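Keeping their order, the protein sequence lines are chains U, S, V and F.
Per the working numbering, the very first residue in the first sequence carries number 1; after that it's consecutive.
Per the working numbering, the very first residue in the second sequence carries number 1001; after that it's consecutive.
Per the working numbering, the very first residue in the third sequence carries number 2001; after that it's consecutive.
Per the working numbering, the very first residue in the fourth sequence carries number 3001; after that it's consecutive.
The C-beta atom is built at its ideal place from N, Cα and C for all residues, glycine as well.
Note that this is a predicted model, so its numbers are computed, not measured.
Reviewing the structure listed below.
Number of protein chains: 4
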Amino acid sequence: MRSGEATKKKIKTAALTLFVERGVDASGMRDIAKASDITEGAIYRHFKSKDELVWRLFADNFEHFATELNKLQQAEGSTAAKLEAMIQGFCRFYDDDEILFRFLLLVQHGQLSKVTDDMASPIEVVKGVIQSGIDTGEIVYTDATEVTAWVLGIVLQTATFQIYGRLQGPMAGRAVHLSSACLDVVGL
Amino acid sequence: MRSGEATKKKIKTAALTLFVERGVDASGMRDIAKASDITEGAIYRHFKSKDELVWRLFADNFEHFATELNKLQQAEGSTAAKLEAMIQGFCRFYDDDEILFRFLLLVQHGQLSKVTDDMASPIEVVKGVIQSGIDTGEIVYTDATEVTAWVLGIVLQTATFQIYGRLQGPMAGRAVHLSSACLDVVGL
Amino acid sequence: MRSGEATKKKIKTAALTLFVERGVDASGMRDIAKASDITEGAIYRHFKSKDELVWRLFADNFEHFATELNKLQQAEGSTAAKLEAMIQGFCRFYDDDEILFRFLLLVQHGQLSKVTDDMASPIEVVKGVIQSGIDTGEIVYTDATEVTAWVLGIVLQTATFQIYGRLQGPMAGRAVHLSSACLDVVGL
Amino acid sequence: MRSGEATKKKIKTAALTLFVERGVDASGMRDIAKASDITEGAIYRHFKSKDELVWRLFADNFEHFATELNKLQQAEGSTAAKLEAMIQGFCRFYDDDEILFRFLLLVQHGQLSKVTDDMASPIEVVKGVIQSGIDTGEIVYTDATEVTAWVLGIVLQTATFQIYGRLQGPMAGRAVHLSSACLDVVGL
DNA sequence: CATGAATGAGGGTTCATTCAT
DNA sequence: TATGAATGAACCCTCATTCAT
């Protein structure tokens, strides 16, 4: 029997790279197969459709990221510390696998609508922290969603600038700045 | 407006709507023709390819928006006032044509790389204001690009939440909050 | 504008021939296109799927045949005369377009289940004649369906033998024999 | 029955069922393997190709049926008795394994052309009986093939009506009617 | 010897674009 | 000029079959 899980990994890696380089629609299954060094048909043993491949790539990492953020947040006490920990986690996540991160950002508009309520979501994790900060009185703003958008926006747009080359160097180097910007905007 | 221009406008409107509803790649020229109430072949009298149609839709509005933002900014004196004016403009822009705005957000990843330096860009307008604020000493941060990302992020992510239904009501209603958040983050 | 209805006819003829020669599943849209002297894509302007092409080919002729049989039957008075007229019509139909007839016989197993009650059906026409013969007392058997099977079987199996070369010459030459066999079996 | 033969039988049974339910082309080796509770590759230990599997299923049963019919016919003296015995045998055969019978009817158009002269054929058995009836003067018609078609048609079309649900209950219950219809048509 | 991953050719279908009318 | 039929390449996917394990 041939490799198995190894092939699946090869497909994932190749697909991720192509999707980021050319976009999902512009990357054919033929291209992915060629880049994975297997044949088209073989992909379908591991993913039953292109849609499923994209979704697995998105959903698995989306949830994994949410879980990691949640762990980081839970390890801290104050809202400020929670936010700082998440931002640091975010930066590490970005630096560890920029391709993956770019993919997540790239396809979010097409995939976010498929995210179900029972799935772990980074957005909800951040919102949860903000909300608890409001509940404890640490944060004075009352609209958790609005504030969540701000925090998320600051971090994600910085990442976006990084992707487009407007900002350079590791994201980790910006963690301190990002944290202080977020704390400012949250009113901490 | 001559009949030719009217047709062109019909195509643009129909295309914009379809692109936002189904995505660019999932919207065929056949669909666009049908929605524009003209024939497939006739589209090519107005746009020489689908790519050009997408690009015109993006670039024209992108530059138009930049120009408008620039006018608003120039009418003000202080950096704080400039930022506030731009944020208000942004909210108006969004409320006036949500479809258009969603389109811009949707396709940016595919089109931004085609934007040339000689094109007016909203990002550059914002960055210009921030930079001048730094130059005059109003803003103490030194990295204009980083701060631009924050301001942009706050505003764009709020719009994104609006699009996904996480936030409701007109964006104009959030202008004051957005302004204060941005001023906070900029240190004004 | 190119041909239009002429192309549709070309496709039908080519498809019919291929389906009969190689079978439906063994005939690809590519083959049909080649045989029609047009391209694959062009077929889809006229038939929205291969299934629809097969169905149209079957259903249109199936109903047309039913209608013709019905006319022939209505022109006669006695049950015997009706049966004879239908059998003659059947033979003419076969001789006029053997390919078409073979197609109908070939695909019936796959298509018959899609025939709806509101569609004209040769089987129902024959059964109607038998039933009315029973009602008037001309036929003494009481199970119209069973007798219909016999009549149909005699005629169709003769055609099948013709197709496989077991019997030769025009079907019309067998009309008299077929009629007398059917009248025998019906008890007239 | 060795384990190899048992597996072969499982494959045959599963394939037969699938072929009848979905059609031969619509039933993949994957499906057959799954339904047989073995793996795809293992099928090829028993049948060297899908074509061969179909052919074995058809040819073996086709010949077996011919042999049985022949035995039944040989046990009788008069042509009428021979026909009656064969019709009874046919009905029993149908009732015993309807799936098998439907399969034979379903694939005949694709397989009949592969039947060689040295193979036992039910058609030839029936034709032999008719021919000998003509030779002995019991039957007055002179074209054995034509009469064979009638007899075959009466029986097979009745079975077809059974398959499509137009007729219900066991075929055995129709044996007497079928016999008298066939004797009528043959002129006995 | 059985397994099931991999092959590779082909399946039906869609689509941006061209062009005869 | 506007039309929509035709093009032809590419799309995603399935399949019978092979073969490393």
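Alpha helix (DSSP H) segment containing residue i, residue limits
| i | result |
| --- | --- |
| F:Glu3138 | From DSSP, F:Glu3138 is part of no alpha helix (DSSP H); its letter is neither H nor E. |
| F:Gln3168 | From DSSP, F:Gln3168 is part of no alpha helix (DSSP H); its letter is neither H nor E. |
| S:Val1186 | Ala1175 to Val1186 |
| F:Leu3112 | Counting along the chain, F:Leu3112 falls outside any alpha helix (DSSP H), and DSSP gives it neither H nor E. |
| U:Glu68 | Lys50 to Gln74 |
| U:Met86 | Thr79 to Asp96 |
CB contact flag (residue i, residue j, <9 Å)
| i | j | result |
| --- | --- | --- |
| U:Ile123 | U:Leu83 | no |
| U:Ala120 | U:Glu63 | yes |
| F:Val3115 | F:Ala3035 | no |
| S:Val1186 | S:Ile1130 | yes |
| V:Phe2019 | V:Phe2103 | yes |
| S:Ala1172 | S:Arg1092 | yes |
| U:Gln108 | U:Trp55 | no |
| F:Thr3007 | F:Ile3032 | no |
| F:Asp3184 | V:Asp2184 | yes |
| S:Val1024 | S:Leu1106 | yes |
| V:Ser2179 | V:Gln2088 | yes |
| V:Gly2137 | V:Leu2188 | no |
| U:Phe90 | U:Leu69 | yes |
| S:Thr1148 | U:Phe161 | yes |
| S:Glu1040 | S:Met1029 | yes |
| V:Pro2170 | V:Asp2117 | no |
Residue i burial status per 10 Å Cβ neighbour count (16 or more: buried)
| i | result |
| --- | --- |
| S:Met1001 | Per-residue confidence for S:Met1001 stands at a pLDDT of 47, beneath the threshold of 50, marking its modelled position as unreliable; the derived number appears in the next sentence. Label assigned to S:Met1001: exposed. |
| S:Thr1158 | buried |
| F:Ala3015 | buried |
| S:Val1140 | exposed |
| S:Val1126 | buried |
| V:Gln2168 | exposed |
| S:Ile1154 | buried |
| U:Lys71 | exposed |
| S:Tyr1164 | exposed |
| U:Gln73 | buried |
| U:Ser113 | exposed |
| F:Arg3174 | buried |
| U:Glu146 | buried |
| S:Ala1075 | exposed |
| F:Thr3079 | buried |
| U:Ala85 | buried |
| V:Lys2009 | exposed |
| U:Ser190 | With chain U running from 1 to 188 in the structure shown, residue 190 of chain U is simply not present. |
Exercise. Could you tell me which uninterrupted alpha helix (DSSP H) segments, each at least 4 residues in length, are contained entirely in the stretch 21 to 45 of chain U, listed from first to last along the chain?
Key: Correct list: 29 to 36.
Exercise. Could you list the residues in the stretch 142 to 160 of chain U with a C-beta less than 9 Å from some C-beta on chain S, going in chain order?
Key: The residues in question are Asp143, Thr145, Glu146, Val147, Thr148, Ala149, Trp150, Val151, Leu152, Gly153, Ile154, Val155, Leu156, Gln157, Thr158, Ala159 and Thr160.
Self-check item: Residues from the stretch 2008 to 2031 of chain V in contact with chain F, defined by Cβ distance under 7 Å
Solution: Under the 7 Å Cβ criterion, the stretch 2008 to 2031 of chain V contributes Gly2023 and Asp2025.
Self-check item: chain F contacts from the stretch 2089 to 2121 of chain V (Cβ-Cβ distance under 7 Å)
Solution: The residues in question are Leu2106, His2109, Gly2110 and Leu2112.
Self-check item: Short-range partners of chain S found in the stretch 126 to 138 of chain U, where Cβ spacing is below 7 Å
Solution: In summary, no residue of the stretch 126 to 138 of chain U has a CB separated from any CB of chain S by less than 7 Å.
Exercise. Note down, in chain order, all residues in the stretch 1159 to 1184 of chain S with a beta-carbon under 8 Å from any beta-carbon belonging to chain U.
Key: Against chain U - using a Cβ distance shorter than 8 Å - the residues of the stretch 1159 to 1184 of chain S are Thr1160, Phe1161, Tyr1164, Arg1166, Leu1167, Arg1174, His1177, Ala1181 and Asp1184.
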